[in-house]
Every structure is written in structure tokens, then in C-alpha cells.
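51 is the number of the first residue of the sequence shown in the working numbering; add one for each residue after it.
Notes follow once the structure below has been shown.
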Amino acid sequence: MDAELTALVTAGATALVQQMATDAWTRTRDRMAAFLARRGSAEPTAVAAELDAARAELTTAQQAGDTDTAADVQGEWRLRMRRALQADPEAAAELRTLLDEMAPPTSGTRVGVINNSMSGGTYQAPVIQAGIIGRQSMGGDRGRG
Numbered sequence: 051m052d053a054e055l056t057a058l059v060t061a062g063a064t065a066l067v068q069q070m071a072t073d074a075w076t077r078t079r080d081r082m083a084a085f086l087a088r089r090g091s092a093e094p095t096a097v098a099a100e101l102d103a104a105r106a107e108l109t110t111a112q113q114a115g116d117t118d119t120a121a122d123v124q125g126e127w128r129l130r131m132r133r134a135l136q137a138d139p140e141a142a143a144e145l146r147t148l149l150d151e152m153a154p155p156t157s158g159t160r161v162g163v164i165n166n167s168m169s170g171g172t173y174q175a176p177v178i179q180a181g182i183i184g185r186q187s188m189g190g191d192r193g194r195g
């Protein structure tokens, strides 16, 4: 699989796992189930049930702070998407469209997308990743009323 499709599959799995924690999950699940079912032997309802099970597993892992299981869930769906694209390379355009639909609305502001993928080891350190963590002030108008 070439680098572009590998990046697409990684972005797809990342977006799917992120959507598992949002209000848009039902729509995302149904669209992804249909996408994967068209390229496999399972019915969309069976794939949707697997996605729901993965969501439950991910939620439990996140609540327990189990990053390994959370990474495994993402890896499982990355593999499923890769197999779907290997079976049908023309499906890349449909997956791109699906990813665009999953993206949060930007409301006119420019948003950068960051995808992280770690493999081949165990990383045990806290990570904070954010565009803005809080408001900082150095001197200035502090204390003036």
C-alpha cells in the first residue's frame, strides 16, 4: 500500500475513534459500517455492532486510563480500513469524503489537523496536546479596575 493510502487509513482510524466520543457517533457508525460492509462479507448491521462494541471497549479503556487498549481499538479499525482499500483501491475517494463529513465544522476559522501514531513500543509519559490550553497574562492590566 502506498504512503498516501497508508496516511488516509491512519487518518480514517483516528477520526473514527475520535467520533466514538461525540454526539455524531450514530451517523458516523452507520456510514462507516456501510463503507466497510460494501468491501467485506459482513452485513452493515453486523459491522455497526462491531463498531458499537469497539466504542464500549474504548470508553472503558479511557475511563481506566488504559492507553494500550485505546491504541488497540484504533489499530483494529486501521487494519479493517486498510484491507477495505486493498480489496477496492477506488474506495479511497469514498473514504476521503467520509473523513470530510466527520471533520468538525470550522465556522470560517482555520484549523490545523494533527494525527499521531505510535507503534513498536510502550510510552509511559503524560502528553498534553492542544492549540490553546488557557489564558496567560504577563503583567499588563492585572489588578486594574
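Idealized CB from N, CA, C, for every residue including glycine.
The model shown is predicted, which means the values in this text are computed figures rather than measured ones.
For Ala153, no alpha helix (DSSP H) run applies, since DSSP gives it neither H nor E. Counting the other CB atoms within 10 Å of its CB gives Gly62 a total of 16 or more, which places it among the buried residues. The shortest C-alpha to C-alpha distance from Arg133 to any of Leu108, Arg89, Ala114 is the one to Arg89.
A distance below 6 Å between beta-carbons, with the five flanking residues on each side excluded, links Ala98 to the following residues of its chain, in chain order: Arg79, Ala83. Distances from the alpha-carbon of Ala104 to those of Leu135, Asp73, Leu66 put Leu66 closest. Here Thr64 is buried: its Cβ has 16 or more other Cβ atoms, across all protein chains shown, within 10 Å. Remark: C-beta atoms of Arg128 and Thr60 approach each other more closely than 8 Å. Assignment of Thr72 by DSSP, reduced to helix, strand and coil, places it in the coil class.
In the three-state DSSP reduction, Asp102 falls in the helix class (H, G or I).
A direct Cα-Cα distance of roughly 11 Å separates Thr147 from Arg81.
In terms of CA proximity to Gln68, Gln112 leads the group Leu135, Gln112, Glu140, Ala137.
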